Amino acid sequence: MRSVLEQAEQCVSKISDEMHAAAEDVDVSWTTDCWSSSASDRYITTTLHYIDRNWTPVTRVLGTTVFNEAHTARNVSELMKSMRLKYGLRPKIPPGHEDDCGEDMWQAEHKYDRPCVTTDLGADISAGVEKDGLWDWNRCICHCLNLAVMAGTKEPAVSAALAQMRVLTILMKRSTREWSRFKKIQREWIEENRCEDAMETDGEEEIDATSEDEEEAEVNPICQQEIPSRPLRLLCPVKTRWNTWYYCLKRAVLLETPIRRYLEAEKKGKNSAEDGRLPTGMAMRTWRSPLL
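For the sequence shown, position 32 (counting from the first letter as 1) is numbered 31 according to numbering that gives the first Met the number 0, and the numbering increases by one without interruption.
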């Protein structure tokens, strides 16, 4: 019976042969990132991408490697170079430099032959791939976009509106009583819309489903989200998870009517608003503006 180590070595050999053959015809691009586990162990994950002769995108995940050394530019650079050699992507040496080895081998590679690598803007990984100019470094557009969104949330007007929503979300999460009230309001709202839909359906003629454009039906604007079939919780943003502010705002817009009813009931009862747990004037329109 083959051991796990033997199977892993065969897998590495297979990918190495594939990447070596691919690099003869096309450019192979890299994506990589360093991260830490909850146990404070450090890792680096590397992925290769290329387009084959049939114009088919191909992706090969090289795996996650333990990287507990200090994430200095030199250590990152040395690890990335060892990954290139391990997976059959040796530097493309021009004629006359076939005998070069070590650092001379890397420096002999023409700058236009050096592989493209895409990473986030982390100081460690970006400094490593830029060291000695051995890679054509590209900034991850998703990471850049996320940084722009985070900067936008710090603007005073936006920050104030988001802070109000965060207070309400945390209250629903921590207080069983308040969540029960909000859940009851949602159920009443859902039932109201079910009754309205049933009345409209009874009075409508049957419409051919093919008359509606399917693509438009799949991608509905935020303001046209369907009424949920069950009570939903408000979402709280997490800084380390991208798009969470968008999902939070989208959920708040979807539940705008129940939120308004809940706040009105709280205002009349003078419960949470009086003791400071709830903001008294939550601007729902401000929540909509970043989404629409």
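Each residue gets a CB set at the ideal place from its N, CA and C atoms; glycine is no exception. Bear in mind the structure is a predicted one, so any value in this text is a computation, not a measurement.
Residue i, buried or exposed, once every other Cβ within 10 Å from all chains shown has been counted against 16
i       : result
Leu-254 : buried
Cys-247 : buried
Val-60  : exposed
Trp-296 : Because the chain is modelled from 0 through 291, residue 296 falls outside the range shown and cannot be assessed.
Thr-175 : exposed
Asn-53  : exposed
Asn-145 : buried
Contacts around residue i, its chain only, beta-carbon distance under 8 Å, and the 5 residues preceding and following it disregarded
i       : result
Trp-105 : Lys-80, Pro-90, Asp-131 and Leu-133
Met-70  : For the record, residue 70 in the displayed sequence is His; it is not Met. Around His-70: Cys-33, Arg-41, Asp-123, Ile-124 and Gly-127.
Ser-36  : Tyr-42
Met-171 : Glu-177, Trp-178, Phe-181, Arg-232 and Leu-233
Ser-76  : Gly-127, Val-128, Lys-130, Asp-131 and Leu-133
Ala-21  : Val-27, Tyr-49, Asp-51 and Val-57
Leu-120 : Arg-138, Cys-139, His-142, Cys-143 and Leu-146
Straight-line Cα distance separating residue j from residue i
i       : j       : result
Asp-212 : Pro-230 : Any reading at Asp-212 must be qualified, since the residue scores a pLDDT of 31, below 50, and its modelled position is unreliable; the value itself is stated next. Taking the straight line from one Cα to the other gives about 30 Å.
Asn-67  : Asn-192 : 55 Å
Leu-78  : Thr-44  : 11 Å
Glu-23  : Thr-168 : 55 Å
Thr-309 : Ile-14  : No answer is possible for residue 309: it lies beyond the span of the chain, which begins at 0 and ends at 291.
Ala-251 : Trp-188 : 15 Å
Thr-31  : Ser-12  : 20 Å
Arg-165 : Thr-63  : 35 Å
Gln-9   : Tyr-111 : 32 Å
Ala-160 : Lys-249 : 14 Å
Arg-83  : Ala-38  : 29 Å
Ala-147 : Asn-137 : 17 Å
Leu-88  : Val-25  : 12 Å
Glu-263 : Glu-190 : 20 Å
Glu-5   : Asp-16  : 17 Å
Pro-236 : Ala-72  : 32 Å
Ser-228 : Cys-194 : 13 Å
Thr-55  : Arg-173 : 49 Å
Thr-239 : Lys-153 : 16 Å
7 Å CB neighbourhood of residue i in its chain, flanking five on each side removed
i       : result
Ile-184 : Pro-257, Arg-260 and Tyr-261
Pro-93  : Ala-107 and His-109
Arg-113 : Leu-133, Trp-134 and Asp-135
Arg-186 : Pro-230
8 Å contact criterion, which residue i and residue j should meet: CB distance rounded
i       : j       : result
Tyr-86  : Met-149 : Rounded, the Cβ-Cβ distance is 35 Å, inconsistent with contact.
Thr-117 : Cys-139 : 5 Å
Cβ shell of residue i (< 6 Å), same chain only, five flanking positions each side left out
i      : result
Ser-28 : His-48 and Cys-115
Ile-51 : In the sequence on display, residue 51 carries Asp and not Ile. Excluding residues within five positions, the ones whose Cβ falls inside 6 Å are Val-57.
is_contact[residue i, chain B] using C-beta, thresh 7 Å
i      : result
Lys-85 : Looking for chain B here will not work: only one protein chain is present.
Query - Uninterrupted alpha helix (DSSP H) stretches inside the stretch 71 to 120 (no shorter than 4 residues) - result: 72 to 85 and 102 to 107
Requested in this report: Within the stretch 131 to 193, note down every full beta strand (DSSP E) run reaching 3 residues or more, in order along the chain.
Outcome: 135 to 138
Report task. Counting only runs of 3+ residues fully inside the stretch 5 to 71, write out the beta strand (DSSP E) ranges in chain order. Result -> 28 to 35, 41 to 50 and 56 to 65
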